[in-house]
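Numbering (my numbering), first residue to last: 656 to 731.
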């Protein structure tokens, strides 16, 4: 097994031709994040938005910038 890699919210990183941007989300976890994944070659963007405690400032702009999005939510 290789070394684990860690990331920080707000600091994009790259794996191959994918640029991955972790964005902090309001949630009851210590540091919940969602991800915007962009194919550098095509410019297509996918959002993996999970653990959204509530709508946060800038969320609509993020969604508007995406070609596809998966949103997970639940209600207790």
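Just so you know, even glycine gets a beta-carbon here, dropped at the ideal spot from N, CA and C.
Check whether the Cβ atoms of residue 691 and residue 707 lie closer than 8 Å to each other.
-> no
Determine the direct distance from the alpha carbon of residue 665 to that of residue 680, and round the result to whole angstroms.
-> 11 Å
Residue 704 burial status per 10 Å Cβ neighbour count (16 or more: buried) | buried
Residue 696 versus residue 720: straight-line alpha-carbon distance, rounded = 16 Å
Since I believe residue 698 is in contact with residue 689 (beta carbons under 8 Å), could you give me their beta-carbon distance rounded to a whole number of angstroms?
-> The pair is not a contact, with the Cβ atoms about 20 Å apart (cut-off 8 Å).
Buried or exposed: which applies to residue 693, given that a residue is buried once 16 or more other Cβ atoms fall within 10 Å of its Cβ?
-> buried
Would you kindly work out how many angstroms separate the C-alpha atoms of residue 714 and residue 660, rounded to a whole number?
-> 27 Å
Let me know the secondary structure DSSP gives residue 718 once reduced to three states.
-> helix
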